Structure formats: structure tokens, C-alpha cells
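S.K.:
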Amino acid sequence: MKNNLIKPITQEFSEYLKDESRITGAAESISFPRTREDVVTIMKELYPKGIHVTVQGARTGVTAGAVPKGGHIMNLSRMDGISAIRKDNKGSFCITVQAGITLSGLRKQIKDRNFDVLKWSTESRITFEEFCKAPEHFFSPDPTETSATLGGMAACNASGACSFLYGPIRRHITALKIVLCSGHTLTIRRGETFASGRKLDLITDQGHSFTVYLPAYEMPKTKNASGYYVENDMDAIDLFIGSQGTLGIITDIEVGLMPFPRIVWGICCLFENERDAVVFAAVLREQLTNIAAIEFFDRDSLAILRTQKKENPAFARLRIIEERLNAAVYIELHCDQENLAIESLAKINQLMIESGGSEKDSWVARNNTNRDSLLFFRHAVPESVNMLIDRRKKEDPSITKLGADMSVPGHRLHHVMSMYRSMLDESGLQSAIWGHIGDNHLHVNILPHNEEEYKKGQALVALWAAEITKLGGSVSAEHGIGKLKTVFLTMMYGQDHVNEMAALKAVFDPKGLLCAGNMFVPLVAER
Amino acid sequence: MKILVLLKQTFDTEAKITIEGGKISRSGVSMIINPYDEFAVEEALKIKESLGGEVTVVSTGDDGVQDALRQALAMGADKAVLINPGTDDVDEFTAATVLAKAVSGMEYDLILAGWRAVDDGSAQVAGRVAEILGIPIAKLASKIDVEAGKATATCEIEGGTEVIELPLPAIITAQKGLNEPRYPSMKGIMQAKKKPMEKKGLGDIGLDAGAVAAKVKVLSVALPAARAAGKVFDGEPADTSAAVVKALREEAKVI
Ligand SMILES: Cc1cc2nc3c(=O)[nH]c(=O)nc-3n(C[C@H](O)[C@H](O)[C@H](O)COP(=O)(O)OP(=O)(O)OC[C@H]3O[C@@H](n4cnc5c(N)ncnc54)[C@H](O)[C@@H]3O)c2cc1C
Ligand SMILES: Cc1cc2nc3c(=O)[nH]c(=O)nc-3n(C[C@H](O)[C@H](O)[C@H](O)COP(=O)(O)OP(=O)(O)OC[C@H]3O[C@@H](n4cnc5c(N)ncnc54)[C@H](O)[C@@H]3O)c2cc1C
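From first to last, the protein sequence lines stand for chains A and B.
FYI, in the numbering used here the residues of the first sequence are 1 to 527.
FYI, in the numbering used here the residues of the second sequence are 1 to 255.
See the structure below:
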């Protein structure tokens, strides 16, 4: 069958050859399916011909997962509808979306309670009426880049600042529909299909049953987005979350919503001494339970903000951070009663002083307007760093930002912090460290001026990956392995376990054509 | 130096305005200190920090306004006074009459206010209070200097600035750019709970409902007409751009 879904790549599609990793790939054709049936049609057309297929969401990934390596690009951004709402047995609202809906689009529709219910079932419509009368709800996963799609977020197990309390998207996905290379579909609801040990039996919606053997490795006990999620007796749905498009194409996702906390306060604690800030973050998470996020900014991040405020009018509304201050910890407090919030504040204040901070150096944002400007502060750091690198890249195209996205077990936090600091100081490279310190997960960014520094930085990141592996950490806690960090995945699990992953993929994709090159080099079991 | 700040609680500037039963609905809207009044609070705190003294925030409104007053206390103000006008039907005359009367029973060297409130935007209340109290006023200040017995305000006027010297006591209203309001610190928020918040009724300041009855009657409120839905042109760029031009010319008649 000839169909007009598949178009040849022309100049107008050139932006689809790259993602936010800023690496450019190659492809011969592209499609923008609107329905699951379209996806099935395309796979049935291309797979038998042995054509590579790379799946894309919004291409905001930073590890080149969505960059094609020849063949076909299947871009799901036009599949952006919401198709149903239901209440689960615990009384929580769950909504089903198409994979291409963006996080910002989903949030807005939830906030405004404004869904296009025209094609919904009667049941969904009744539940929707109930939803409209219920207190405000929200979808908690909050990666910084809100133009990401839910499909991309599921494929990378995305997380954000508030994942400290609420977990990554994995914890909020209740069902998936996946189109396989064969054109069959899998429907998996959380809590229905489990592995027995490391053996998992699956059955497609069309009645084909098959068995997969899960790799034997133990995952690090930290925040993790590296390699397949596997553990004994696991829920089948977890295998597909974080699988980076290598097993099948996620077309529909059901996610759970939560009631929005009545009180959301942002607190920024500033420190003269960076070590004090790290100590503070570590004791904070042990002693308080209603904290949703703990984020860290080092002296270089603050210095970059000071320069931005001076030089760029778009950043004029940033708060002044006195020169004597060298680190900041941003905390988000979520609770339902004001007196509880004030009690927590007293505790946080006490811990801040005990850690070496001064009680005059804290900012509390109690209302949305103030909190928005604190969030602006938080977002300004990565944005400024990207602007800086873009400027340098114009002078020397061989460089890009180098970022480590690694996590370690809690008791290793001080160790890695001093490792990063001493190795960076010794190297003389410019850097900025910020991120999810509550989860022992820091974004360590190296900002090279030229190719030589870039190479030096690359070597440094590789050293860290080796050390993090030794400490029982994860080489990618959030951004996924994609095509850029495959070496680190091998470092983390070893070649044998990577081979097991490839064997697992080959059950779903015997020709090794779907998102090939993500995580590892695929096996080609048949032609 | 005793400084009073006239402070109004307003809708969050991001709030979505809806009308229910002929009135602007407050449901689901979070309330903040009028942003210009926040500049006034900050300026009062700075003057206090350099010259010493006491900052009192004064507002008229219902019990819900306490939240905005607490925010000012958390920023560092010393006391709050809240006068309940006993009615929702408050216009500029009502607010100014109540505030002027409350203030006239207090000690002050300087009164600071916002140049206007972001909700009604009438920019009248501070001027009216000055008139009732019979003290000078400088409006739209972007810089204020205070020394013994006098204040100097640099004020925005059309096409320039004007430097006004005022004998104290006087009123000065704040414009954007005057300062950068601080966030409360954690300590500030905890202390705010213990600072005095005086709540009064009209009778307590020697007024009654008749004396403050609004002079303006709101006949109706309406939202601006909603923008019509956008139109999406789908298809090949060559065809769609032609269609867009055609629509701009024939339907919208703008080119
Ligand atoms: C400024 C910035 C900030 C960021 N902040 C965060 C952050 O805080 N937390 C975080 O986790 N990430 C962050 N990211 C990374 C990125 O936003 C996430 O990885 C996001 O989940 C990718 O979504 P996407 O729709 O853009 O996917 P894409 O980039 O299009 O694809 C990502 C991967 O998912 C696969 N994929 C996409 N859709 C599907 C599908 N429907 N079925 C199967 N596979 C699919 C692709 O093949 C690819 O391998 C950030 C990126 C940027 C640029
Ligand atoms: C930033 C800014 C925002 C403003 N926003 C608004 C707004 O929202 N709505 C609005 O209506 N206006 C607004 N105005 C305009 C201004 O506030 C009003 O026009 C106001 O009424 C002027 O009052 P005034 O006392 O300063 O009068 P003046 O500027 O002194 O005088 C105005 C006019 O009144 C007459 N007049 C004054 N005194 C006498 C006198 N003794 N004898 C005879 N005639 C006299 C003269 O014709 C004179 O030209 C704004 C102005 C500024 C600078």
C-alpha cells in the first residue's frame, strides 16, 4: 500500500535532523502521524523493507536520542490530543493523552480544566464534570524544558526539581499503549502484568504472545535514567518507561494527577561558603518531610547570573546577589496548612544557621508572583550558560557545552562534590554546577573556550563517570543515554550486561531498526 | 522617624479576571500587596534602616487583608493597622476618608503610598488623603531623600523628572524604579506572627457608615470582548501562504 504519510526529506525538514544536543543526523524520509493507526501503517510499510526508524517527540533531548542515523523520522508532535479521564480505585483522576502532547500544553489544559471532550465516551464526560468541580489538580513531573512531549518524557523517564518529593514520571504513568515493529500493539496497565523473576511474558492486543528475558544487572540505588529498568518480578510497564524508543513507539499514555497543595512556598538560602550549602542540603532532607525540591547553585552559577543582570536587559529583574555569597540552595515547601509551613520554616532556618548560614540571607516567596521570580532565578542559570556557549561556539564551532548528569548514593554526596570541585579547580576550566542536590544529582557543566579545553573537559567527564560507577551511582540520572553517553553505559554495567540489553531489544526489533544506536549498538538477528 | 505606609491588597497580577453575578469574582484568585505599595514598604524600611524609627502599615478592608499586612510585617514593618469599613461598597472617597481619619489619630513624620493601585487604577487615594490631612504631596517618586524636617522626591512628569522638596509631614507616592522590594527572610516570616496587628471598626476611629458612604455607583462591569479564535492553515507551505495572504486581504481586510 502506498500512503501519503511518508514524505521525502527536503530543505524544509532540515531542523528535524537534530535535537537539543545540537548534533545533526541524516534521514531520507519523515512522517507526522496523527493517530495510532497511522503509526501502525507506517511501521508495516517500512519495517519489512529494512528501513531505520527514529522516533521523535519535541526534540528537546540533550543526548541525541532523537537524532536520526539514516532512514525514516517518525515525529509524533502532531499526536497531541487528550482522549479520556477516569478515577482509579484510590479515587485519583487519571487522564489519557497521545504521546505528542507537550508538557506545557497538558499543564495548561489541566489548570484551565479545558479539554476537548467532543469525542470522549459518556463515562469520561461524567468523570470530567466531577473533575471540574474538584479542587485544583496537577501533573507533578516538572522537567525544566516544558516544550517536551509526554512521549519523550516517558521514553527518557524525565524528572524535575519536584521529583525529589514526587518521583520521576515513572511513578505517575498508569498505562501505556505501544506500537511494536511488527505493527502489533501492546496495552499495559500498571499492576496487571508482572515478570516472574527475570522472565516476562507479554501478549499483544492482536493475540501474539512472546517471552523476554530481562538483563541480570542490579540497578544503582539512586536516581537513574541509564539503560533499561529491570528488577525481579517487575511490573512490565516499567521496562518501557525510560527505554528511549528502542523497544516500541509509545502512542498513548495514561498519567495520574494529584491535588495541588494549598501552600507552595519557595525559599532561597544563600551561603558564603559552598561547603556549608552542601551540608545544609544534606541535613535538610533528613529532617523535613514536606519539602518538594532541594536545588543547588554554586559560586560560578551565581557569578554568571550577576553578569547577566548587568549586561542583559532580559535578566534585569533578577535579584541582586551580594558578592560575598557563594552558593544558594532553593527549597520548595508544599503543604496544606499555613502553621505547618511556618513550623517547617523555623526548622529550615535553624538548620541553615547550624550549617553556617546567616538568617538574614534567606528569601521567602509566599505568593505566586514572588515565587515566579524565584523560579526565574532558577531557570536563568541553565539559560545563561547555554547563551554563553552559543556565543563561544560561533567563534569555535568545534565546542559545545559539556555536561555531567550523574547521581550517587546519599552518603557519597560530599565526596563527589569535593571531587568535582578539586578536579575542576585543578583543570583551570570554567564551569558551573547546579541541580538536584536533594537527589544527589548535580548538573556539572564545563564551559570550554576552544577545542583544546573541550577535549580536556571530555576527559574529565569520562574520569567522573568511572568514579561515579565505583561509588554505585548512575552515569545519567535524568537525560538518558541517547547516542552520546553509550560509552558511559558500558562503563556502568559492563559489556556483558549491555549485550543482554541488546538481546532484549532484538526480541522486539529483530532487524535492529528502531531508534538504533540509542543506549548501545543493536543486534541484527534477522534481515 | 515615624513612617506610615498606606497599603492596599490587590489581585495577583497574573490573576484571570472573571465576572460572577455582575461582580468581579474573587474565587481562586490569590491576593498580593499592590506592587506600588510594595515599593513604598521597601522605601519605608530603607529610611528606617538609615535614620532609625518605626514603620506602620495601614490598610482598609476586610479580614482577608491581614495576609498582605503580614507580608509587610515579614519584610520588616513594625506594626499593622487594619480598619474594616463595614461594607464592600468602597470607592476612592470611602477609602481616603477612612485612611485619613485613622492616620490623623496616629503619630507620623512621613506617609508613603503607591501612586496607584493596579486593580482600579484611579490614582486618587493618596491625593485625597493629603487633601483631607492638609499636608503636601509628591506623586510618582522614583527617588526619595529624607533629612531633618524635609523630604526631597524625584518625580516622574510627562517627558522628564521634577525634583520636589516637601516640608514634613508629607505624603509621597511610589513609582516603579524607586527600589527593589526585598523578600521576607525566614526569620522575618516567623517574627511577623508576633508583631502587633490592630484591627478596628469605623466606630473605633469616630466614623459611621453615613460618613463614608461611597459617592460612586458602579452600574455594571464587563470584560473586554474575547479575541476571536485563531485560524490554522494546514497544508503545503506554498499553498498555505497564498491562502493566508488571501484571508488577510479579503476577510480581515488588513492588507
Ligand atoms: C533546556 C533544557 C532543560 C531540560 N531539563 C530537563 C529536566 O529538568 N529533566 C529532564 O528529565 N530532562 C530535561 N531535559 C531533556 C529533555 O527535555 C527530556 O529528555 C525530554 O523528556 C525529552 O522529550 P522530547 O519530547 O523532546 O523527546 P525527544 O528529544 O524528541 O526524544 C527523546 C528520546 O525519546 C524517544 N521518544 C520520543 N518520543 C517517543 C515515543 N512516543 N515513543 C518512544 N520513544 C520516544 C526518542 O527516540 C529519543 O530517544 C532538558 C532539555 C533542555 C533542552
Ligand atoms: C502617569 C500618569 C497617569 C495618569 N493616569 C490618568 C488616568 O488614569 N485617568 C485620567 O483621567 N487621567 C490620568 N492622568 C492625567 C492626570 O492625572 C489628570 O488629568 C489629573 O486630573 C490632572 O490633575 P492635576 O491636579 O495634576 O491638574 P493640572 O495638571 O494642574 O491641570 C489640569 C488642567 O486643569 C485645569 N486647571 C487646573 N487648575 C486650574 C485652575 N486653578 N483654574 C483653571 N483651570 C485649572 C487646566 O485646564 C489644566 O490644564 C495621568 C497622568 C499621569 C502623569
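Note that CB positions come from ideal geometry on N, CA and C, so glycine has one too.
Predicted model, so just to flag it, every value in this text is computed and none were measured.
By Cβ distance, which residues of its chain are closer than 7 Å to A/MET501, with the 5 residues on each side in sequence left out?
M.R.: Around A/MET501: PRO215, GLY227, TYR228, MET519 and PHE520.
S.K.: Would the beta-carbon of A/ALA155 fall within 8 Å of that of A/ILE250?
M.R.: yes
S.K.: Whether or not the stretch 98-118 of chain B and the stretch 165-182 of chain B are in contact is what I'm after, with contact meaning three or more pairs of Cβ atoms, one per stretch, closer than 8 Å; do they touch?
M.R.: yes
S.K.: So, are the CB atoms of A/LEU17 and A/THR10 less than 8 Å apart?
M.R.: No, the Cβ-Cβ distance between A/LEU17 and A/THR10 is not below 8 Å.
S.K.: Looking at the secondary structure, which residues open and close the beta strand (DSSP E) in which A/GLU478 lies?
M.R.: Counting along the chain, A/GLU478 falls outside any beta strand (DSSP E), and DSSP gives it neither H nor E.
S.K.: What does B/ASP12 touch in chain A if you count any residue whose Cβ is under 8 Å from its own?
M.R.: ASN367, ASN368 and THR369
S.K.: Could you pull out every unbroken beta strand (DSSP E) segment of at least 3 residues lying fully inside the stretch 114-179 of chain A, listed in chain order?
M.R.: 173-179
S.K.: Within the 8 Å Cβ cut-off, does B/SER185 reach chain A?
M.R.: yes
S.K.: Alpha carbon to alpha carbon, what distance is there between A/GLY473 and A/GLY403?
M.R.: 16 Å
S.K.: Taking only beta-carbon atoms, is B/ILE17 less than 8 Å away from chain A?
M.R.: no
S.K.: CB A/ARG78 to CB A/PHE32, shorter than 8 Å?
M.R.: yes
S.K.: Would you say A/ALA346 lies against chain B (beta-carbon separation less than 8 Å)?
M.R.: yes
S.K.: Looking at chain B, is there any beta carbon in it that lies within less than 8 Å of the beta carbon of A/VAL117?
M.R.: no
S.K.: Check the DSSP bridge columns for A/CYS515 and list the partner residues they point to.
M.R.: Per DSSP, none; premise fails for A/CYS515.
S.K.: Kindly list the residues whose CB is nearer than 8 Å to the CB of B/LYS231, restricted to its own chain and excluding five residues on each side of it in sequence; keep chain order.
M.R.: ALA247
S.K.: Please name the residue in A/SER398, A/GLY57, A/MET387 and A/SER209 whose C-alpha comes closest to that of A/VAL534.
M.R.: Absent from the structure is residue 534 of chain A, since the part of chain A shown begins at 1 and ends at 527.
S.K.: Name the DSSP bridge partner or partners of A/ASP235?
M.R.: A/PHE194
S.K.: Would you mind giving the Cβ-Cβ distance between B/VAL5 and B/VAL55, rounded to the nearest angstrom? I have them listed as a contact below 8 Å.
M.R.: 7 Å
S.K.: Just to confirm the assignment, what range does the beta strand (DSSP E) spanning B/LEU110 have?
M.R.: 110-114
S.K.: Buried or exposed: B/LEU223, going by 16 or more other Cβ atoms within 10 Å of its Cβ?
M.R.: Looking at its Cβ environment, which holds fewer than 16 other Cβ atoms inside 10 Å, B/LEU223 is exposed.
S.K.: What does A/VAL364 touch in chain D if you count any residue whose Cβ is under 8 Å from its own?
M.R.: You won't find chain D in this structure, because its protein chains are A and B.
S.K.: Have a look at A/GLU231 and B/LYS23 and give me their C-alpha separation to the nearest angstrom.
M.R.: Computed Cα separation, rounded: 58 Å.
S.K.: Is A/HIS137 closer than 8 Å to A/LEU284 when the C-beta atoms are compared?
M.R.: no
S.K.: For A/VAL329 and A/ILE294, which I take to be in contact (beta-carbon distance under 8 Å), what is that distance rounded to the nearest angstrom?
M.R.: That belief holds up - the Cβ atoms of A/VAL329 and A/ILE294 are roughly 7 Å apart, short of 8 Å.
S.K.: When DSSP builds the beta bridges, which residues end up paired with A/TYR213?
M.R.: A/LYS199
S.K.: Short check: CB of A/THR63 to CB of A/SER21, under 8 Å?
M.R.: yes
S.K.: For A/ASN312 and chain B, any beta-carbon pair shorter than 8 Å?
M.R.: no
S.K.: Looking at ligand 1, does it come within less than 7 Å of A/PRO308, judged from the CB to the closest heavy atom?
M.R.: Looking at the sequence itself, residue 308 of chain A is Gln, so the reference to Pro does not match. No, the beta carbon of A/GLN308 sits no closer than 7 Å to any heavy atom of ligand 1.
S.K.: Using CA atoms only, rank isn't needed, just tell me which of B/ILE33, B/SER50 and B/SER122 is closest to B/VAL90.
M.R.: B/SER122
S.K.: Tell me which same chain residues have a C-beta within less than 6 Å of the C-beta of A/SER124, skipping the five on either side of it?
M.R.: ALA84 and ILE85
S.K.: Between A/THR60 and A/THR144, what straight-line distance do the alpha-carbon atoms span, to the nearest angstrom?
M.R.: Each residue's Cα considered, the two are about 11 Å apart.
S.K.: With contact counted as at least three CB pairs below 8 Å, one residue from each stretch, are the stretch 55-75 of chain B and the stretch 180-189 of chain B in contact?
M.R.: As far as the Cβ criterion goes, the stretch 55-75 of chain B touches the stretch 180-189 of chain B, which means the pair count is three or higher.
S.K.: Have a look at A/LEU471, A/ASP300 and A/GLU383 and flag the residue whose alpha-carbon is nearest the alpha-carbon of A/ALA432.
M.R.: A/ASP300
S.K.: Between A/ASP19 and ligand 1, is the CB less than 7 Å from at least one heavy atom?
M.R.: yes
S.K.: Give the single residue among B/TYR36, B/ALA44, B/GLU38 and B/ALA102 whose Cα lies nearest to the Cα of B/GLY206.
M.R.: B/ALA102
S.K.: Counting pairs of beta carbons, one from the stretch 271-281 of chain A and one from the stretch 303-317 of chain A, are three or more of them closer than 8 Å?
M.R.: no
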